[in-house]
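Participant: Can you keep this structure in mind? I'll have questions shortly.
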Amino acid sequence: MKRTFAAVALLAALGVLLKLAAKDAARPAVAPVASGPASTGPEPDPDAAILARYPDDRPLVARALDRYRQTARAIERTDGLRGLVLLDRLDIEAVFLYENYPGEFRRLRDSLTDDAAADLLLHWREYFGLKRADATDRAILIAEVARLTPSQRRLAAKYPNALPLILTDPEGVSDLLRRLSREPKTLRDALVILDFISLERGAADLRRALETLDQHGTLAVEAFRLQGLDGFALVTLYGPVLEALGDALPLDQALILLRVNAEDVDEMLRTRSADAVAGDLRHVAARGLVEQVGGSPHALRLVVEYGDRGEKALVQAGPDAADVVFEEYADATLRSQAVSCLAEHGTMALAMLAKYAPDPDFREVLRRHGAPIIPPIARADVGPDALQALRGKSKRTFLESLSLGVLYLSGDNGQATIRLIKDDGLERVAELDATDVQFYQFLPLYDLLHLANVLGRGQSPTTGEMTWALVDGCFVVADALSLAAVQPEGVAASEAARSQVKSAARQAARALGREATEEAAAVGSRSLARRGGAAGAEGLTEQLSKWWAVRLAGGTYRVLRRLPEALDRLSLTKLADLGRPLCSRAGLRLSTWQPLRFVAKTIPQIPPSRGLKYVAAQVVQAGVGVIAFHKMEEHLASRRPPVADGPARSAATP
């Protein structure tokens, strides 16, 4: 029994020894403690590992790691090389997106399929910074950039200032850039035109402009160079007419004719073809009437509707003839009579037709007698003006003094002559229109006998007839006194004096009358005062001042011929304001160029004195300029979701 217990104890002891031996074998050996410092093995370098993974892009990866070490390592772990490329291009803006808006970061990351996309983001990095606090605009911009095709991104990278235009109409603008890429000057001017088109309402206005450039490319750009935005709008409106006109008329002259006569051309195109209207313009050029037709908004219509009479009226009375005919006489018969008056009597008729257009008596005698009424009315009408001119002279000759007395006593005026024609007929005043003083008018008692004949016919004598009869009677008394004194030489002297004085007085009065008539026609106030009366005295004064300034500069046509000289001196705002009315008719809204203020900071403003050359320099520069920022704000304004309680919010406020 004891032997059995002893064997069991021995076996247990052996088991314990075996377990202890196994533990000692598993424990690592402990190195002996050295007397010198401890040494460790080299730790692995994570940046080196990242660089090793992208041997073809080592410079880019190195820049990212050097600037944003920890962030760059994190971006590389989650987004790979494209994430590092985005970090390299957007810089701190990429860090902002990665930490706060990872979804937008990854959307941009996925769009980096080539170098062009990366360069595009580099160009617009500053704008992304300005939009950091604007979640709505930033999200819209990132989503639209991500949707661009690779070819569109390459074009946007090549022409970075055109990005807002490309985002507004990717296909249309991209096609334009490809088509004009070999014509840098034409492409530059085309982009300048498009930069003036507002993007705030979406793509409609831009597409309208692109359609003009597609259909009339070179013609549209050349018209813009000659007449600014008005020239481009004219091609938009009348491109087929200009194409049909060809080389028959220089482009600058054709543009002026269409611009001045735009309303009537629109009316013509409703019933006639573009080729027919172009034929009318060719006829105007062939007859040498370009300046006259380019000086009035109704001159082309006058030529088309009245033929030779209308052309003669323009030659005799100038462009104002068309204004008087079509703005003062709506009745067809009166209008035709007015054209005949202008063709026959020129500026004299212009002054009378304009002055007495509202007078019903004048309209009646015009309808009844036509052109012959103009000379007698004009001769009598200038009496008050001639009288005022004589009164203004401090030193008058004997003849001028006599003329002053005759005019004062006669009281001649146009309205009295109009009533006389109406009551007694044109024959009654025919002798008043004699251009030469006849010999029998110097016979003794001529004017007294003439007065007796007038009274004998039952007609009322005019004050002028009474005055000349009085002068005649004075000389008859002088003759009688001479005879009574038995002085034949006195009679001869009296007769000579009477003939000389009567002739000189009549001729002096007529000369003064002609001068006053021509002056009235030159001033051309016609019905402008009546049309502007409703606008008030201040508005009328401004209107008359502008009209007179144009007249002093040579008329509408000559002013527009010099417009190219003025375009380079105008600011962007003035250029847009100048072209806004005609562009609106063509369906083109123009930018307003209001100052931009962002939440982050205020960008440099457009210099007030800079115009077309400033825009042209910016559209082709390598970096993104202020003009592109304006266009991007317009584009984003059209994309923002509407706000229920007010207008759409804008990140840039004027």
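Be aware that the sequence shown starts at 1009, since it is given in the numbering used here, and climbs by one per residue.
A virtual CB, placed ideally from N, CA and C, is assigned to each residue, including glycine.
Please read these numbers as outputs of a predicted model, since none were measured by experiment.
Does DSSP classify residue 1387 as helix, strand or coil?
Facilitator: helix
Participant: For residue 1205, does the three-state DSSP call read helix, strand or coil?
Facilitator: strand
Participant: Can you tell me whether DSSP reads residue 1068 as helix, strand or coil?
Facilitator: helix
Participant: Tell me, to the nearest whole angstrom, how far the beta carbon of residue 1379 is from that of residue 1353; I am working on the premise that it is less than 8 Å.
Facilitator: 6 Å
Participant: Between the Cα of residue 1568 and those of 1055, 1239, 1222, spot the shortest distance and give me the residue it belongs to.
Facilitator: 1239
Participant: Between residue 1194 and the rest of its own chain, which residues show a CB-CB distance below 6 Å, the 5 nearest in sequence each way excluded?
Facilitator: For residue 1194, where only same-chain residues beyond five positions count, the Cβ hits under 6 Å are 1188, 1229.
Participant: Report the residue ranges of all beta strand (DSSP E) runs contained in full by the stretch 1352 to 1381; include only those spanning at least 3 residues, in chain order.
Facilitator: none
Participant: What do you reckon, are the CB atoms on residue 1579 and residue 1639 nearer than 9 Å?
Facilitator: no
Participant: Relative to the C-alpha of residue 1114, which residue among 1367, 1618, 1371, 1088 is closest?
Facilitator: When only C-alpha atoms are compared, the closest one is 1088.
Participant: Report, in whole angstroms, the separation of the C-beta atoms of residue 1265 and residue 1298, which I expect to be a contact under 8 Å.
Facilitator: 7 Å
Participant: By DSSP, does residue 1605 sit in helix, in strand, or in coil?
Facilitator: Strand.
Participant: Please report the Cβ distance between residue 1158 and residue 1122, rounded to the nearest whole angstrom; I am assuming they are in contact, meaning their Cβ atoms lie under 8 Å.
Facilitator: With a beta-carbon spacing of about 6 Å, residue 1158 and residue 1122 fall inside the 8 Å limit used to define contacts.
Participant: Return the first residue and the last residue of the alpha helix (DSSP H) that residue 1632 is part of.
Facilitator: Careful: residue 1632 lies outside any alpha helix (DSSP H) and carries neither H nor E.
Participant: How many Å lie between residue 1577 and residue 1304 at the Cα?
Facilitator: Taken atom to atom, the span from the alpha-carbon of residue 1577 to that of residue 1304 is near 26 Å.
Participant: Evaluate contact between the stretch 1306 to 1322 and the stretch 1333 to 1345, counting only Cβ atoms and requiring at least three cross-stretch pairs below 8 Å.
Facilitator: yes
Participant: Taking just the CA atoms, how far does residue 1196 sit from residue 1062?
Facilitator: 40 Å
Participant: Please state whether DSSP places residue 1505 in a helix, a strand or coil.
Facilitator: Any answer about residue 1505 is weak, because its pLDDT of 44 lies below 50 and its placement is not dependable; what the coordinates show is given next. Here residue 1505 sits in helix by DSSP.
Participant: Return the first residue and the last residue of the alpha helix (DSSP H) that residue 1312 is part of.
Facilitator: 1307 to 1325
Participant: Return the chain-ordered list of same chain residues with a C-beta closer than 7 Å to the C-beta of residue 1646, the five sequence neighbours on each side being excluded.
Facilitator: The residues 1207, 1208, 1209, 1210, in chain order, have a CB closer than 7 Å to that of residue 1646 in the same chain once the five nearest residues on each side in sequence are set aside.
Participant: Report the start-end ranges of each beta strand (DSSP E) in the stretch 1565 to 1606 that is 3 residues or longer and not cut off at the edges.
Facilitator: none
Participant: Confirm, please, whether the CB-CB distance from residue 1120 to residue 1136 is below 9 Å.
Facilitator: no
Participant: Relative to the C-alpha of residue 1165, which residue among 1185, 1236, 1277, 1346 is closest?
Facilitator: Looking at the Cα atoms, 1185 is the closest of the given residues.
Participant: Report buried or exposed for residue 1521, applying the criterion of at least 16 other Cβ atoms within 10 angstroms of its Cβ.
Facilitator: Reliability of the predicted coordinates at residue 1521 is poor, the pLDDT of 47 falling under 50, and the value obtained from them is presented with this limitation in mind. Label assigned to residue 1521: buried.
Participant: If I'm right that residue 1357 touches residue 1350 with Cβ under 8 Å, what's the distance once you round it to whole angstroms?
Facilitator: Sure, about 5 Å apart at Cβ, within 8 Å.
Participant: If residue 1249 sits next to residue 1286, beta carbons under 8 Å apart, how far is it from one beta carbon to the other, in whole angstroms?
Facilitator: In this structure, residue 1249 and residue 1286 form a Cβ contact; the two beta carbons are roughly 5 Å apart against a cut-off of 8 Å.
Participant: With DSSP collapsed to three states, give me the class of residue 1218.
Facilitator: helix
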